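A.B. asks: Dumping the structure here so I can ask a few things about it.
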Amino acid sequence: HLPLYHPLTVVSMLDLAAASTEIGKKLQAEKLIKRACERIAFYLKEQEQACFLMWTEKNEDSGENDQYFDYHTHSGLDHFDMLRSYASTLRHLLRRRMAFVLGQN
Numbered sequence: 001h002l003p004l005y006h007p008l009t010v011v012s013m014l015d016l017a018a019a020s021t022e023i024g025k026k027l028q029a030e031k032l033i034k035r036a037c038e039r040i041a042f043y044l045k046e047q048e049q050a051c052f053l054m055w056t057e058k059n060e061d062s063g064e065n066d067q068y069f070d071y072h073t074h075s076g077l078d079h080f081d082m083l084r085s086y087a088s089t090l091r092h093l094l095r096r097r098m099a100f101v102l103g104q105n
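If you're matching positions, the sequence shown starts at 1 in full-length UniProt numbering and goes up one per residue.
Okay, structure coming up:
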């Protein structure tokens, strides 16, 4: 089962919105686009919270006020890389054949 904000889920919703627009169901398309945007926002908020939590824990552990530290060695996760990967996956999925069939808009 894929998370609600998985890139494949999001682009599938956008495909459905584009197809809905093509057949004149603009209200349905708007709702799908809004839902896709909300899911991306949820993911971004989750990643932001994780970054701030790690930053806070690091500062409490070391007593330092550095604005930067190595996230990966601190927790085993690199949320910046996760965000880059997420964006890269979305860009890749938006270049698939369905996106060309439906057009740029």
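Note that CB positions come from ideal geometry on N, CA and C, so glycine has one too.
Owing to the predicted nature of the structure, the values given are computational and were not obtained by experimental measurement.
Suppose contacts are defined by Cβ-Cβ distances below 7 angstroms. Is Arg39 in contact with Tyr5 by that definition?
C.D. replies: Reading the sequence shown from its first residue, position 39 is the one you call residue 39. Reading the sequence shown from its first residue, position 5 is the one you call residue 5. Contact: yes.
A.B. asks: Classify Lys31 as helix, strand or coil using the three-state DSSP reduction.
C.D. replies: Locating residue 31 in the sequence shown gives position 31, where the first residue counts as 1. Lys31 falls in the helix class under three-state DSSP.
A.B. asks: Taking the C-alpha atoms as reference points, what is the distance between residue 107 and Ile33?
C.D. replies: Residue 107 is absent from the model: the chain starts at 1 and stops at 105.
A.B. asks: Considering only the alpha carbon of each residue, which of Leu94, Met98, Leu90, Arg97 lies closest to Pro7?
C.D. replies: Residue 7 sits at position 7 when you count from the first residue of the sequence shown. Among Leu94, Met98, Leu90, Arg97, the Cα nearest to that of Pro7 is on Leu90.
A.B. asks: Exposed or buried, Ala41, counting other C-beta atoms within 10 Å across all chains shown (16 or more means buried)?
C.D. replies: Here residue 41 refers to the residue found at position 41 of the sequence shown. By the neighbour-count rule (16 or more Cβ atoms within 10 Å), Ala41 is not buried but exposed.
A.B. asks: If we ignore side chains and look at the alpha-carbon of each, how far apart do Val11 and Arg84 end up?
C.D. replies: Stepping through the sequence shown from its first residue, residue 11 is reached at position 11. Stepping through the sequence shown from its first residue, residue 84 is reached at position 84. Answer to the nearest angstrom: the Cα atoms are 17 angstroms apart.
A.B. asks: Once the 5 residues before and after Thr21 are set aside, which same chain residues still bring their CB inside 7 angstroms of it?
C.D. replies: To locate residue 21, count along the sequence shown from 1; it is residue 21. If you ignore the 5 residues before and after Thr21, its C-beta comes within less than 7 angstroms of the C-beta of Ala29, all in its own chain and listed in chain order.
A.B. asks: With DSSP as the reference, label Lys26 as helix, strand or coil.
C.D. replies: On the sequence shown, position 26 is the one that residue 26 refers to. The answer is helix: DSSP assigns Lys26 an H, G or I state.
A.B. asks: What separation, rounded to the nearest whole angstrom, lies between the Cα atoms of Glu46 and Lys26?
C.D. replies: Residue 46 sits at position 46 when you count from the first residue of the sequence shown. Residue 26 sits at position 26 when you count from the first residue of the sequence shown. Roughly 30 angstroms between the two C-alpha positions.
A.B. asks: Counting C-beta neighbours from all protein chains within 10 Å, is the total for Leu14 16 or more, i.e. buried, or is it exposed?
C.D. replies: For this step, residue 14 is matched to residue 14 along the sequence shown. Under this definition Leu14 is a buried residue.
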